[in-house]
Amino acid sequence: SFIGGWTMSLSLSEVRLLESLKRLGGKADAASLAADLNEPISSIFPLSSLLKDKGYVRTKEIVKEWYELTEEGKRCVEIGLPETRLCKILSSIEGGVGLEELKRNFDEHEISAALGWGKRHGIIEIDRSGRTPKVILKKRVIPEMEGLIKKISERPEKASLSSKELEMVKELEKRGLVSLKSSKTLFVELIKEAPAQELETCRVLTSEILKTGRWRNLRFSPYDVRASPPVIIIGKKHPYLEFLEEVKEILFAMGFEEASGPYVESEFWNFDALFQAQDHPARAIHDSFQVKGVLHHIDAPEDLVSKVKEVHENGGGTGSKGWGYKWSREVASRPILRSQTTSVSVRYLSQHKTPPVKAFCLSKVFRPDVIDSKHMVEFCQLDGIMGDHGINVRHLLGILNEFALQLGFKEIKFKPSYFPFTEPSIEAYVKHPTLGWIECLGSGLFRPEVTKPLGIDFPVIAWAFGIDRLAMIRLGVEDIRELHTSNLDMLREKGWF
Numbered sequence: 010s011f012i013g014g015w016t017m018s019l020s021l022s023e024v025r026l027l028e029s030l031k032r033l034g035g036k037a038d039a040a041s042l043a044a045d046l047n048e049p050i051s052s053i054f055p056l057s058s059l060l061k062d063k064g065y066v067r068t069k070e071i072v073k074e075w076y077e078l079t080e081e082g083k084r085c086v087e088i089g090l091p092e093t094r095l096c097k098i099l100s101s102i103e104g105g106v107g108l109e110e111l112k113r114n115f116d117e118h119e120i121s122a123a124l125g126w127g128k129r130h131g132i133i134e135i136d137r138s139g140r141t142p143k144v145i146l147k148k149r150v151i152p153e154m155e156g157l158i159k160k161i162s163e164r165p166e167k168a169s170l171s172s173k174e175l176e177m178v179k180e181l182e183k184r185g186l187v188s189l190k191s192s193k194t195l196f197v198e199l200i201k202e203a204p205a206q207e208l209e210t211c212r213v214l215t216s217e218i219l220k221t222g223r224w225r226n227l228r229f230s231p232y233d234v235r236a237s238p239p240v241i242i243i244g245k246k247h248p249y250l251e252f253l254e255e256v257k258e259i260l261f262a263m264g265f266e267e268a269s270g271p272y273v274e275s276e277f278w279n280f281d282a283l284f285q286a287q288d289h290p291a292r293a294i295h296d297s298f299q300v301k302g303v304l305h306h307i308d309a310p311e312d313l314v315s316k317v318k319e320v321h322e323n324g325g326g327t328g329s330k331g332w333g334y335k336w337s338r339e340v341a342s343r344p345i346l347r348s349q350t351t352s353v354s355v356r357y358l359s360q361h362k363t364p365p366v367k368a369f370c371l372s373k374v375f376r377p378d379v380i381d382s383k384h385m386v387e388f389c390q391l392d393g394i395m396g397d398h399g400i401n402v403r404h405l406l407g408i409l410n411e412f413a414l415q416l417g418f419k420e421i422k423f424k425p426s427y428f429p430f431t432e433p434s435i436e437a438y439v440k441h442p443t444l445g446w447i448e449c450l451g452s453g454l455f456r457p458e459v460t461k462p463l464g465i466d467f468p469v470i471a472w473a474f475g476i477d478r479l480a481m482i483r484l485g486v487e488d489i490r491e492l493h494t495s496n497l498d499m500l501r502e503k504g505w506f
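For the working numbering, count along the sequence shown from 1 and bump the result up by 9.
So this is what it looks like as structure tokens:
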């Protein structure tokens, strides 16, 4: 047969490898063979595989895996892990330590890791009742990670670690403190010597060989029809960006147009125009990023500013009493990083007063938080509005149900809720096959205190999705930070690339 004939033919390189094995006593590793043949070690692997298939050698690969500290990990061994240093500082001071004071003892990424660890394990709590937040130690512990990272400084083999230690190592890898290293050793054993070679082996047939008749005295290397073709890795869009594009395509198909707005926004558009009180907790420095070095300014028509002021102070003829305080222009003009894309929706309404109105904004928002597997300070939010005469809550529920179905969520349920700028207000939940019901959005009918100052005389329904949460469910991600990863190995492992 063809395969049988093929197994008996050997190339010159294969013969040399068999002769080298014989010189080295019939068994050797790839490095020894490469040195004996004065060839790169990479050439030994394919030759050994071919000889194994032809029945001349046996091969055995031994893979060794071990953990090493990164440069940041070595630093943590010297000065201690952030969580260890956090516990030491808090245990030495009764009553807790101010968050800003703590930050002076850590690099920016270290304080996030330390606070995130403390909150996850119930070691600390953050008291926000005072003028400035304070971190309080709830129980004294010695972080287990401290002993583990010292152990890893000795470069232990992966097989020597317990299952509990391996779980902890995964977290250290995510934090960039530890990396997994591996080496592969190939052993080759001779089981049959090379036969005497009568004909020269030819790999490439040329016109010169045909013309001269040399082909009669040559043995041609056959094609290995069992060989796998090379893997071609092509460029692709990031799966998270593909998901966002899919969301946009669904909304375009439903008749919505895309709106956009600035990242740096005045509190007027982010809060005041949405009838959010100036003493609302969300406006505190701990729930929004205030921007320094930017002119305090309200980029809105003066008559709109006056109407919003009246609504806050006395209801502005909407039928409500407003918030009953003296509205501050200074507060409204403060620049912040927008904390909600609803600011884009209300801007859009101020410029589109003729029904029907259908628009959405899918963009970034910014909120202070401790970064962990579920929280980021920068994330995507999807905001949508639809306004027309006769629009009501039934239309809202229908749109949200259709959108969820288009995204692949077969079940959605709604519950009454409260938001400052909608009435009635509704929360929506989607059904995850393993996690159960997951909250995904807030929605409702814009209050007259929002629409009347804008000159809108028809009802407007609105909703806001935490779109990253839906992306995590769709993509099977448990850590929100993985949505933005550029780690190609991880992307391929998940089958995304």
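Where a beta carbon is used, it is the ideal one built from N, C-alpha and C, also for glycine.
Unbroken alpha helix (DSSP H) run spanning residue i, endpoints
i	result
residue 284	First-last for residue 284: undefined, no H or E at that position.
residue 360	351-360
residue 219	216-221
residue 227	Premise fails: residue 227 lies in the beta strand (DSSP E), 227-229, not in any alpha helix (DSSP H).
residue 493	Here residue 493 belongs to no alpha helix (DSSP H), and DSSP marks it neither H nor E.
Run of the beta strand (DSSP E) containing residue i, from where it starts to where it stops
i	result
residue 3	Residue 3 lies beyond the residue range present for the chain, which begins at 10 and ends at 506; the question has no answer from this structure.
residue 5	What is shown of the chain runs 10 to 506, which leaves residue 5 out entirely.
residue 134	133-136
residue 79	Careful: residue 79 lies outside any beta strand (DSSP E) and carries neither H nor E.
residue 427	421-428
residue 338	Where residue 338 is concerned, there is no enclosing beta strand (DSSP E), although the alpha helix (DSSP H) it sits in stretches over 338-341.
residue 392	387-396
residue 369	366-375
Closest residue to residue i among the options (Cα-Cα distance)
i	options	result
residue 424	452, 88, 174 and 279	452
residue 192	174, 215 and 167	167
residue 375	397, 415, 289 and 273	273
residue 478	384, 282 and 428	384
residue 235	63, 85, 248 and 494	63
residue 432	411, 454 and 440	454
residue 348	427, 276 and 318	276
residue 60	33, 264, 342 and 24	24
residue 442	427, 456, 426 and 421	421
residue 394	403, 351 and 413	351
residue 162	279, 401, 87 and 343	87
residue 144	154, 124 and 153	124
residue 487	461, 450, 458 and 444	444
residue 469	126, 399 and 156	399
residue 138	418, 293 and 456	293
residue 253	34, 476 and 340	476
Cα-Cα separation, residue i to residue j
i	j	result
residue 255	residue 240	28 Å
residue 201	residue 195	18 Å
residue 471	residue 503	35 Å
residue 257	residue 473	14 Å
residue 224	residue 42	32 Å
residue 317	residue 364	22 Å
residue 494	residue 321	43 Å
residue 10	residue 231	Reliability fails at residue 10, whose pLDDT of 30 lies under 50, so the model's placement of it is uncertain and no value is given.
residue 56	residue 79	36 Å
residue 22	residue 497	35 Å
residue 428	residue 489	25 Å
residue 448	residue 492	19 Å
residue 207	residue 237	Low local confidence applies: a pLDDT of 49 at residue 207 is under 50, so the model's placement there is unreliable, and no value is given.
residue 426	residue 148	36 Å
residue 58	residue 68	8 Å
residue 337	residue 288	11 Å
residue 285	residue 127	33 Å
residue 4	residue 227	Nothing about residue 4 can be reported from this structure: the residues present for the chain run from 10 to 506 only.
residue 500	residue 186	21 Å
residue 345	residue 408	31 Å
residue 303	residue 111	28 Å
residue 27	residue 40	15 Å
residue 174	residue 379	25 Å
Three-way DSSP call (helix, strand, coil) for residue i in this model
i	result
residue 207	Confidence at residue 207 is low in this model, with a pLDDT of 49, below 50, so its placement is unreliable and no value can be given for it.
residue 296	coil
residue 469	strand
residue 64	coil
residue 14	Model confidence at residue 14 stands at a pLDDT of 39, short of 50, so the residue's coordinates are unreliable; what they give is reported in the following sentence. The answer is helix: DSSP assigns residue 14 an H, G or I state.
residue 345	strand
residue 92	helix
Cutoff 9 Å: residue i Cβ touching any chain C Cβ
i	result
residue 44	In the structure shown, chain C does not exist; there is a single protein chain.
Heavy atom of the ligand MN within 8 Å of residue i beta-carbon
i	result
residue 476	The ligand MN is not part of this structure, which contains no ligands at all.
Handout entry: Three-pair Cβ contact test at 8 Å for the region 256-269 versus the region 299-316
Key = no
Practice task
Report yes or no: do three or more beta-carbon pairs, one from the region 459-471 and one from the region 355-364, lie closer than 8 Å?
Solution key: yes
Problem - Contact between the region 43-50 and the region 176-189 (3+ Cβ pairs under 8 Å) - result: no
Practice task
Taking 8 Å as the threshold, find out whether the region 218-232 comes into contact with the region 105-123 through three or more Cβ pairs.
Solution key: no
Problem - Given 8 Å, three or more beta-carbon pairs between the region 95-109 and the region 63-74 - result: no
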